[in-house]
Amino acid sequence: MDPSGTNTDALPATVVIGAGPAGLTAAYDLSKHGYPVQVYESTDVVGGISQTVERDGWRFDIGGHRFFTKVAAVEALWHEILPDEDFLLRPRMSRIYYRGKLFDYPLKAGNALKGLGLIEAARCIGSYAWARVRPPKDETHFDDWVTARFGKRLFSIFFKTYTEKVWGMSTAELPADWAAQRIKNLSLMGAIKNALLPSRNQKEITSLIEEFQYPKYGPGMMWQVATDKVRAQGGSVELNAPVQRVRWEAGKGAVAVTVTNADGTSTEVPADHVISSTPISALVRAMEPAAPAAVQAAADDLRYRDFLTIALVVPLEAGFPDNWIYIHTPGVKVGRIQNFGSWSPFLVKDGRTCLGLEYFVNEGDEVWSEQDEELVKLGTAELERLNLIEPGKVEAGYVVRMPKAYPVYDDSYQKNLDVIRQWLDANVPNVHPVGRNGMHRYNNQDHSMLTALLTAENIRTGSTHDVWSVNVEEEYHEEGGDGDTKRPTPTGTGRDAPLMPRQTPLSNEAVSA
C-alpha cells in the first residue's frame, strides 16, 4: 500500500538512476499516482547540474537556471512542488564584457558600435563593407559564416573568443550549422535597421523574456523538496548509491539493477522498468550481459564538455546587476561570470555578494586538476586583470566541479546514438533514457523534465510518447509570447548545440590567447 491507500503490489515497479531534474520528475509523477519507485543517486546531493551547492552559508547555482518555460505541464509541476511564496520574480539581464566595456546581449548595433568607440566602429563598418564586397568563398564553417554577415572585426570581438572557450575548439573548425541556428536571419545591416525603426514596426524581432521565476534558495531547493515529496508519497531516494549493473534477459528486457550501498555492500533490486538519467554511455557499460562490442564502442565514443566554477566572495558594491556577463576579452580563461546576488539575495550574505567565474574544461585537464587554492588565485587574478574588482577585495573562494555538463555534438555523435538506441529498443525496451545526459541532448532543465513526464506517462498509461522527438531550436527558450497567432507554436522543446568536428581540442592556453 502507498500512503494514499492504493494497492501498489499489482503496479509495475520502476527504478530511477540519477536524482537530477529528469530522474526526480519521473519519480515524483510515478509516486504521486501510487506507482512504486526507487531512485538511486551516485553522489551525496540531489539536483544534478541543477543542484545548489552550499559552502559556509554561501549558495552557488551551477550555470544559472532561469525558471521559464512554455511547457504548461512543467510550469504546473514547479508550482506543485514549491509554493508560490518560495519563488522570486527576477529581472533578466546579461551582457557581453569586452576590454572594460559592457555591451547589450543580444547584440544591438547602435549599442555595440557606440561602445567600441568612433575609430573601432569605423573599422568594424569598413570590415563589414569589405565582407559584403568580397564575402568568404566558403561559408561552411562558423568563422566565415559569421564574417560574411558581420565582418571580420565584429566576428573577432563578439563571436570568436567566447565560442572557443565554451567548446574548446577553433571557430575555423566549427561547422556553420550552429551559427545559422543561433544567429538566424541576423546581419549587421538588419540589426542597424531594427535599431532605427520605431518599436511598432519591429514585428519580426524576437522578444526575449524580461523576467523569470527563481527559487529563493536556488534551483536545488526545488529538487530537495521534490525528494522529500517522493519519499512522502511512498517512493525512496537513496544517495551515495551508484547503480553498477542493469541485468537483462532476452525477451524480458531489464529485470533488476545492482546498487552499491553506502557501506560498500551490493544489493540487487528487481525492476519492471528502469528510467535512466545517468550518461547514456555509462548506461551501456552497465548492461549485464554486456552489450555487443559495436554498441560499447559507440558509447565510448560519445564526448562531453565539463564545467568548473570558482566562486569568490566580494563586497556587495563589487557586483553587477546582470545575472551573468559573457567574457569576450581575450587573454583570460574565464568564459562567463555569475553574480549570485543578482539571482537571489538569499544566496548571499548581507553586505557581500559572490561572483561565480565559469570555466569550460575537459575533465582531467590542467584547470580541472589544479588545486582549489590555486584556482581561487587564478579567478582572483583574472577578475583583477579584467578590472572587475580592485586588488585585495576577494575575501574567500570556493571551487565546484561538474563533470559531463555539456554533451558534445561531434560529427559522429548521432551515428553513435542511433546504434545505442537501436540496441536498447530491441533488447531492453523497458529501459528509458531521459534528461540531458541520459539522452545525450543539450537540454535545459524544463526540457529534461518534459522527457521524464512523458516517460512516466508511458509507464502509467501505456501511451507511446516519443521522448526523442522532444527538441526544437534555442530561440524557443528565449522568446516571450507576443500574441502573434500567425507564428507557429513549437510542439517540442530542446535546443541545438554546435556540431563539433573530430580533432584534438584546443588547450585552455590556446583558447584564451
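Residue 334 is where the sequence shown starts when you use this note's numbering, and the numbers rise one by one after that.
Virtual Cβ for every residue (Gly too), placed ideally from N, Cα, C.
Keep in mind it's a predicted model, so treat the numbers as computed, not measured.
Whole angstroms are fine: how far does the CA of residue j sit from the CA of residue i?
i, j, result
"A587", "V667", "43 Å"
"A509", "T480", "11 Å"
"Y430", "I658", "6 Å"
"S745", "V349", "28 Å"
"E601", "N573", "16 Å"
"A624", "K682", "51 Å"
"S614", "A631", "8 Å"
"I670", "V372", "33 Å"
"K726", "V404", "43 Å"
"A343", "G553", "34 Å"
"V805", "Y742", "Its pLDDT being 45, under 50, V805 is placed unreliably by the model, and the measurement read from it follows with that caveat. Using only the alpha carbons, I get a separation of about 15 Å."
"G771", "R467", "45 Å"
"V732", "V607", "34 Å"
"G484", "E728", "42 Å"
"P622", "D634", "20 Å"
"F640", "G697", "11 Å"
"A360", "R486", "50 Å"
"L451", "E706", "42 Å"
"A714", "L786", "45 Å"
"Y775", "P439", "21 Å"
"V767", "A464", "44 Å"
"G674", "C687", "7 Å"
"E691", "T642", "5 Å"
"R636", "F420", "35 Å"
"A455", "S427", "26 Å"
"F491", "R482", "13 Å"
"P345", "A406", "24 Å"
"S677", "I382", "18 Å"
"P654", "N672", "8 Å"
"F436", "K498", "19 Å"
"V563", "L645", "35 Å"
Label residue i either buried or exposed according to how many other C-beta atoms from any shown protein chain fall within 10 Å of its C-beta, with 16 as the threshold for buried.
i, result
"A409", "exposed"
"Q755", "exposed"
"N656", "buried"
"L422", "exposed"
"G730", "buried"
"N720", "exposed"
"W556", "buried"
"A738", "buried"
"R769", "buried"
"K447", "exposed"
"S364", "buried"
"Q747", "exposed"
"K585", "exposed"
"G459", "exposed"
"N760", "buried"
"H412", "exposed"
"N355", "Looking at the sequence provided, one finds Ala at residue 355 rather than Asn. When all chains shown are included, A355 counts as buried."
With residue i as the anchor, note down where its alpha helix (DSSP H) starts and where it stops.
i, result
"K485", "K485 to F488"
"P354", "P354 to K365"
"D561", "P552 to A565"
"L405", "Residue identity differs from the one stated: residue 405 is Ala in this sequence, not Leu. Element bounds for A405: A405 to I414."
"V700", "E699 to S702"
"R859", "Residue coverage of the chain in this structure runs from 334 to 846, which leaves residue 859 outside it and unanswerable."
"L449", "A442 to L449"
Looking at the strands, I want to know which residues DSSP matches up with residue i.
i, result
"D437", "R428"
"P548", "F420"
"R602", "Looking at the sequence itself, residue 602 is Val, so the reference to Arg does not match. V590."
"S569", "Q371"
"T385", "D394"
"F400", "Q546"
Which stretch, first to last residue, makes up the beta strand (DSSP E) that contains residue i?
i, result
"I350", "T347 to I350"
"I608", "H606 to S609"
"V379", "Neither: V379 is in no beta strand (DSSP E) and is coded neither H nor E."
"G689", "R685 to V694"
"E582", "V576 to E582"
Under a CB-based cut-off of 8 Å, is residue i close to chain C?
i, result
"E506", "Among the chains in the structure shown there is no chain C, since it carries only a single protein chain."
Complete alpha helix (DSSP H) runs within the segment 621-675 (minimum length 4 residues, chain order): 626-633
Would you mind listing the beta strand (DSSP E) stretches within the segment 706-777 that are 3+ residues and don't spill past its ends, in chain order? 729-740 and 764-766
Give the list of continuous alpha helix (DSSP H) stretches no shorter than 4 residues that lie fully inside the segment 454-507. 475-483, 485-488 and 494-500
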